[in-house]
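The opening residue of the sequence shown carries number 1 in full-length UniProt numbering; numbering runs sequentially from there.
Quick reminder that beta carbons are idealized off the backbone N, C-alpha and C, glycines included.
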Amino acid sequence: MSSSLSSRNANSPFVLVHSGVWRTPIASNFDYRYYILFLDDYTKFFWIYLMREKFESFKKFKEFHAMVKNIFHTSISYFQSDGGGECVNQKFKSFFQQNDIIYRFSCPHTSAQNGRAERKHRHIANVLCCLIFQASMSFKYWGDACLYVVFLINVTPLLVLNYKSPFELFYGHIHDYDLICVF
């Protein structure tokens with residue numbers, strides 16, 4: 001796979017979903033140590049699912065896939081990840097075949113090929129650390145803060161989207177900013 005593969009843009013929601021797993025050495029207040037990220041290439045809107053163990057990735061992907069089908073009445077065409085063991089196994093392969101999802105994974109040790117997911121992890125981590133530091137909270141609350149970070153990033157306008165937010169592009173209207181509060 002060439003590194004340009006991850007830079008191709010989708011032309012509608014859920015044509016291409018980028019994914020990656022992030023781990024922290026500190027367990028959250030509910031004993032989470034991981035999250036899995038699902039990033040829509042077209043709108044830049046993303047979701048995370050908190051996990052206690054990496055092997056929960058398949059279960060969380062199935063939950064995400066069900067949400068896409070049941071709420072948005074569409075399907076995922078391409079799924080791209082870094083080729084880590086959490087997504088390269090028989091369960092995922094069978095599920096992708098049954099649901100006509102084309103799986104694209106990057107070569108080992110080439111994070112640039114899964115750059116969108118990797119950059120989103122870094123963005124989340126930067127905002128997460130700022131929120132926790134500013135609130136003078138223990139890092140064990142990273143899970144709660146992380147979910148709020150996802151909300152904040154999804155409603156923030158982006159230059160790459162012509163100053164629209166991922167939320168606005170995804171749902172077709174601006175989010176009510178009165179709902180944003182200090183963490």
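Limits of the unbroken beta strand (DSSP E) element including residue i
i	result
H18	L16 to R23
R33	First-last for R33: undefined, no H or E at that position.
F105	I102 to F105
Y78	Y78 to S81
Residue i beta carbon near the ligand FMN (any heavy atom closer than 8 angstroms)
i	result
F55	Annotation note on the ligand FMN: not contained in the displayed structure, which lists no ligands.
Close beta carbons around residue i, own chain, < 6 angstroms, minus the five adjacent residues each side
i	result
A145	L128, L131 and I132
I101	I76 and F79
Residue i: first and last residue of the uninterrupted alpha helix (DSSP H) it sits in
i	result
L169	P166 to Y171
F61	S57 to F72
F92	Q90 to Q98
Rounded Cβ spacing between residue i and residue j (contact assumed at less than 8 angstroms)
i	j	result
P13	F170	6 angstroms
F105	S77	In fact, because the Cβ distance is near 15 angstroms, the residues do not count as touching under 8 angstroms.
F58	K91	5 angstroms
Nearest-angstrom Cα separation, counted from residue j out to residue i
i	j	result
H65	Y49	12 angstroms
C181	Q97	43 angstroms
I124	V149	7 angstroms
E63	A27	23 angstroms
T156	F72	22 angstroms
E53	R116	23 angstroms
N70	N154	21 angstroms
A135	F183	7 angstroms
F167	P25	31 angstroms
S165	T74	22 angstroms
Contact set for residue i: own chain, Cβ-Cβ below 7 angstroms, skip 5 residues either direction
i	result
K120	L37, L39 and F46
Residues near residue i in its chain [Cβ-Cβ closer than 8 angstroms; skip 5 each side]
i	result
K60	I36, Y49 and M51
Task: Touch test, the stretch 7-20 against the stretch 32-45, Cβ-Cβ under 8 angstroms, three pairs minimum - done: By the C-beta criterion, the stretch 7-20 is judged to be in contact with the stretch 32-45, since at least 3 inter-stretch pairs fall below 8 angstroms.
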